[in-house]
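Written below as structure tokens is the structure these notes are about.
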Amino acid sequence: MYDQSSETYKIITIERHILDEQRSHPEATGVLTGLLYDMALAGKVIASKTTRAGLAEILGRTSDINVQGEQVMKLDRLADATIYRLNDHTGRLAAMASEENADILHIPDKYPSGKYILLYDPLDGSSNIDYNVPTGTIFSFYRRKSDSGQVTLDDVLQPGHDLVAAGYVVYGSST
């Protein structure tokens, strides 16, 4: 039998870490915790897809060009849709913006709108995936500037000192 109070057997998952951090901030509402967990879940889904990309025949390019002038990879599109679909309905976000889309990604009217903006590159380094080089998801959260109505570019294009949280999820053969 093991000592349940022992730190030796403590398993720290991403969810546990995020919740522990929330508990250390009495003013926390849990919204940022939910946002971070949503991105952790998106990372797990994308990691699963990138690991099996060759078998699922989702390697290669599409005919689309993204806002950076780069050809969109099939996995870019899959990662972009994954992040959007995991976040569009939660009521935590007011809007999203992705490297794969020239326009602001508004939350559908049928879902509640939150007070955070999510900016992301769904699959950074995706052009290297055919060579088994690590890729990743870059994301950041900002608070919405406007009080209500349609999200504007001023809500999305904010200076770095207003950043609430950011992260990079790495995908590769050793992650």
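The working numbering numbers the first residue of the sequence shown as 24 and each following residue consecutively.
C-beta atoms are modelled at their ideal positions from N, C-alpha and C, and glycine is treated no differently.
- Going by beta carbon distance, what residues of the same chain come within less than 6 Å of methionine 62, once the five residues before and after it are set aside? As a first step, residue 62 is located in the sequence shown; it is residue number 39 there, counting from the start. These residues qualify, in order along the chain: Phe162.
- Using the C-alpha atoms, what's the distance from valine 68 back to isoleucine 35? Translated into the one-based positions of the sequence shown, residue 35 becomes position 12. Translated into the one-based positions of the sequence shown, residue 68 becomes position 45. Roughly 20 Å between the two C-alpha positions.
- Hey, quick one: how far does the alpha helix (DSSP H) through isoleucine 106 stretch, first residue to last? The residue labelled residue 106 in the question sits at position 83 within the sequence shown. Run containing isoleucine 106: 97-110, per the alpha helix (DSSP H) assignment.
- Message: My output table needs one value for valine 193: the three-state DSSP class, helix, strand or coil.
- Response: Within the sequence shown, numbered from 1, the residue matching residue 193 stands at position 170. Strand.
- Item | aspartate 177 versus lysine 168 - alpha carbon distance | Within the sequence shown, numbered from 1, the residue matching residue 177 stands at position 154. Within the sequence shown, numbered from 1, the residue matching residue 168 stands at position 145. Roughly 7 Å separates the two Cα atoms.
- Message: Just to confirm before moving on: does the CB-CB distance between aspartate 99 and leucine 146 stay below 8 Å?
- Response: The residue you call residue 99 lines up with position 76 of the sequence shown. The residue you call residue 146 lines up with position 123 of the sequence shown. Yes; because the gap between Cβ atoms is below 8 Å, this pair is in contact.
- Going by the CB atoms, is the gap between alanine 189 and leucine 59 shorter than 8 Å? Against the sequence shown, residue 59 aligns to sequence position 36. Against the sequence shown, residue 189 aligns to sequence position 166. Not in contact: leucine 59 and alanine 189 (Cβ atoms no closer than 8 Å).
- Query: Quick one: what does DSSP say aspartate 185 is sitting in, helix, strand or coil?
  - Reply: Your numbering for residue 185 matches position 162 in the sequence shown. Of the three classes helix, strand and coil, the one that applies to aspartate 185 here is helix, per DSSP.
- Between the CA atoms of valine 90 and aspartate 43 - distance to the nearest angstrom: Residue 43 sits at position 20 when you count from the first residue of the sequence shown. Residue 90 sits at position 67 when you count from the first residue of the sequence shown. If you take the alpha carbons of aspartate 43 and valine 90, they lie about 38 Å apart.
- Task: Can you say whether leucine 78 is buried or exposed, counting buried as having 16 or more other CB atoms within 10 angstroms of its CB?
- Result: Numbered from 1 along the sequence shown, position 55 holds the residue referred to as residue 78. Model confidence at leucine 78 stands at a pLDDT of 48, short of 50, so the residue's coordinates are unreliable and nothing is read from them.
- Item | C-alpha distance - leucine 101 paired with lysine 33, whole-angstrom precision | What you label residue 101 is simply residue 78 of the sequence shown in a count that begins at 1. What you label residue 33 is simply residue 10 of the sequence shown in a count that begins at 1. Straight-line Cα distance between these residues: approximately 35 Å.
- Query: Is valine 179 near alanine 118, with beta carbons less than 8 Å apart?
  - Reply: To locate residue 179, count along the sequence shown from 1; it is residue 156. To locate residue 118, count along the sequence shown from 1; it is residue 95. Cβ distance < 8 Å, so valine 179 and alanine 118 count as in contact.
- Message: Output needed for isoleucine 37: all residues of its chain with C-beta closer than 6 Å, excluding positions within five of it in sequence on either side, in chain order.
- Response: The residue labelled residue 37 in the question sits at position 14 within the sequence shown. Closer than 6 Å at Cβ, skipping near neighbours: Ala63.
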